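Input: a single structure, listed below in structure tokens.
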Amino acid sequence: MTESVLARLLIVGPQGSGKGTQGARIAEALGIPAISTGDVFRANIAGGTELGLQVKAIIDAGDLVSDELTGAVVRDRLAQPDAANGFLLDGYPRNIAQVRDLDEFLAPRGEGLSAVIELDVPRDESIARLHQRAVDQGRADDTEEVIANRLAIYERETAPILDVYRARGIVDAVDGIGALDEVTERILGALAARSISV
Ligand code: AMP
Numbered sequence: 031m032t033e034s035v036l037a038r039l040l041i042v043g044p045q046g047s048g049k050g051t052q053g054a055r056i057a058e059a060l061g062i063p064a065i066s067t068g069d070v071f072r073a074n075i076a077g078g079t080e081l082g083l084q085v086k087a088i089i090d091a092g093d094l095v096s097d098e099l100t101g102a103v104v105r106d107r108l109a110q111p112d113a114a115n116g117f118l119l120d121g122y123p124r125n126i127a128q129v130r131d132l133d134e135f136l137a138p139r140g141e142g143l144s145a146v147i148e149l150d151v152p153r154d155e156s157i158a159r160l161h162q163r164a165v166d167q168g169r170a171d172d173t174e175e176v177i178a179n180r181l182a183i184y185e186r187e188t189a190p191i192l193d194v195y196r197a198r199g200i201v202d203a204v205d206g207i208g209a210l211d212e213v214t215e216r217i218l219g220a221l222a223a224r225s226i227s228v
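For reference, each letter of the sequence shown is one residue, going 31 to 228 in this note's numbering.
Here is the structure:
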């Protein structure tokens, strides 16, 4: 039997690709925590914490929170015991500097990401889904102008991180179009091919 590989995962995709939903499903299936920086920030905003107050205007505008602040949130979370046996990152790293920060945090622990799931969804479909989410959830950062800003930032800052991980041979591109279960199965299939499984 092949030795199984610890699931230290990252899910990447444009806003509206379904990465949050799929990330949560994959994490649950593998029994690892899903760590979404967007969720952490939103919870802090809702709770009126110091961090929430610091990031609210930035998030409402669809801009990126500083690497320092975001890095501190992630390091804190990854240091918790439930992340010792694997984790799924959703929304971090989001630019090249954050890739470097994450490497610097994981390397001394003898760790690195074991797979990066790239969720492929055409731009038009992402935009349509974001508009639908705006109607369903009323998120402050799902307005027309902010959606355009977030997608532009994704293309400029986030998409290039995939080149770095591709060079490491750990990226699995998965078609994000289809029923929720179908997409989840595709992702689990790609991970199983890397001996990452339940
Ligand atoms: P998300 O739910 O992943 O779309 O994140 C919502 C918002 O949180 C983003 O538009 C950013 O303003 C902020 N955010 C989330 N993750 C990061 C990150 N890694 N770096 C900077 N800002 C982030």
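Backbone N, C-alpha and C define an ideal beta-carbon position, used for all residues, glycine too.
None of the values given here were measured: they were computed from a predicted structure.
Range covered by the alpha helix (DSSP H) that runs through residue i
i: A64; result: Note, A64: premise wrong, no alpha helix (DSSP H); beta strand (DSSP E) at 64–66.
i: D133; result: 126–136
i: V176; result: 174–183
i: T51; result: 49–60
Buried versus exposed call for residue i [16 or more other C-beta atoms within 10 Å across all chains shown]
i: G199; result: exposed
i: R196; result: exposed
i: Q167; result: exposed
i: G78; result: exposed
i: R139; result: exposed
i: R153; result: exposed
i: Q45; result: buried
N- and C-terminal bounds of the beta strand (DSSP E) containing residue i
i: E148; result: 145–150
i: A202; result: Rather than Ala, the amino acid found at residue 202 in this sequence is Asp. Run containing D202: 201–205, per the beta strand (DSSP E) assignment.
i: V42; result: 38–42
i: D112; result: No beta strand (DSSP E) contains D112, which DSSP labels as neither H nor E.
i: L118; result: 117–120
Spatially closest choice to residue i from the options, by CA coordinates
i: R38; options: R153, G142, P138; result: G142
i: A229; options: F117, L108, I88; result: Summary: the structure shown does not reach residue 229, with the chain confined to residues 31 through 228, and so no result is reported for it.
i: V201; options: I207, E212, V42; result: V42
i: D150; options: V213, V103, R105, I88; result: V213
i: D112; options: E174, L60, A209; result: L60
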